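Participant:
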Amino acid sequence: MSDAAERIPRVRGVGGVSDPKLEESPRVVEAGADILTLHPVPAAAPAGTREQVTRLVIRETGRSYFVPVSTIDWIEGADYYVKLHVGTRVHLLREPLRSLVQRLDPARFARVHRSAIVNLARIREIRMAARGDHTLVLEDSTRLRLTRARRRALEALIEVVPSES
Numbered sequence: 018m019s020d021a022a023e024r025i026p027r028v029r030g031v032g033g034v035s036d037p038k039l040e041e042s043p044r045v046v047e048a049g050a051d052i053l054t055l056h057p058v059p060a061a062a063p064a065g066t067r068e069q070v071t072r073l074v075i076r077e078t079g080r081s082y083f084v085p086v087s088t089i090d091w092i093e094g095a096d097y098y099v100k101l102h103v104g105t106r107v108h109l110l111r112e113p114l115r116s117l118v119q120r121l122d123p124a125r126f127a128r129v130h131r132s133a134i135v136n137l138a139r140i141r142e143i144r145m146a147a148r149g150d151h152t153l154v155l156e157d158s159t160r161l162r163l164t165r166a167r168r169r170a171l172e173a174l175i176e177v178v179p180s181e182s
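Set out below in structure tokens:
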């Protein structure tokens, strides 16, 4: 063992008792040739295998309730909040749109504008609009802007939209 390694105190658990799990932890610093190396901790799940949420928790003063993701028609960004449009109701969730889109199933939800995510199963039609942009018409006749940049990706997704179960 090098001099540097001897100067590093042993990892101790509660009450100063040595804990083998802590000593073998990938976060433990090892010393060698007077250079300290911190080993990286592997990610919780490999990329692309993250678990998608099935419901979102809405917190209000004095209560919390759940909104099943499958019931959401579309999501509107509003600064650090999002508005979940579910039928005739609108639920306010404190989470940025860019964060929420990463937690949703990409086979069922797509970002169609910088301020909107749509449930693909709720799209009734796509209409041509001015300047190359398009308008999405949802089952409840809601109209959403579809930007030119996101149109091709959306059309590819719509071809393989899973059926509602």
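Numbering (the numbering used here), first residue to last: 18 to 182. Glycine included, C-beta positions come from ideal geometry on N, C-alpha and C. Being a predicted model, the structure only gives us computed values, none of them experimental.
(1) If you count every other CB in all the chains shown that lies within 10 Å of the CB of R80, and 16 or more means buried, which is it?
(2) Can you list, in chain order, the residues of its chain with a C-beta nearer than 8 Å to that of L155? Leave out the 5 residues immediately preceding and following it.
(3) What residue range is occupied by the uninterrupted beta strand (DSSP E) comprising E142?
(4) Starting from I175, trace the alpha helix (DSSP H) in both directions and tell me its first and last residue.
(5) Which complete beta strand (DSSP E) runs does the region 71-125 hold, if anything under 3 residues is left out?
(6) By Cβ distance below 6 Å, which residues in the same chain neighbour L117 in space, the five residues on each side in sequence not counted?
(7) Does the region 117-126 come close enough to the region 146-154 to have 3 or more Cβ pairs within less than 8 Å?
(8) Following the continuous beta strand (DSSP E) through T152, name the residue where it begins and the one where it ends.
(9) Go ahead and pull the three-state DSSP assignment for R148.
(10) Short of 7 Å in beta carbon distance, which residues of its chain neighbour E93, apart from the five on each side in sequence? Order them along the chain.
Facilitator: Let me spell this out:
(1) Locating residue 80 in the sequence shown gives position 63, where the first residue counts as 1. It is exposed - the Cβ of R80 has fewer than 16 other Cβ atoms within 10 Å.
(2) If you number the sequence shown from 1, residue 155 lands on position 138. So the qualifying residues of the chain are D90, W91, V135, R139, I140, R141, L161.
(3) Taking the first residue of the sequence shown as position 1, residue 142 is located at position 125. Taken as a continuous stretch (DSSP letters only), the beta strand (DSSP E) holding E142 covers 140-145.
(4) Here the question's residue 175 lines up with position 158 in the sequence shown. First-last of the alpha helix (DSSP H) with I175: 165-175.
(5) 72-77, 80-85, 91-95, 98-103, 106-110
(6) What you label residue 117 is simply residue 100 of the sequence shown in a count that begins at 1. If we look at L117 and ignore the five residues flanking it on each side, its Cβ neighbours are V99.
(7) no
(8) For the purposes of this step, residue 152 is identified with residue 135 of the sequence shown, where counting begins at 1. From DSSP, the beta strand (DSSP E) with T152 extends over 151-155.
(9) The residue you call residue 148 lines up with position 131 of the sequence shown. Three-state DSSP puts R148 in a helix.
(10) Stepping through the sequence shown from its first residue, residue 93 is reached at position 76. Excluding residues within five positions, the ones whose Cβ falls inside 7 Å are V99, K100, H102, S132, A133.
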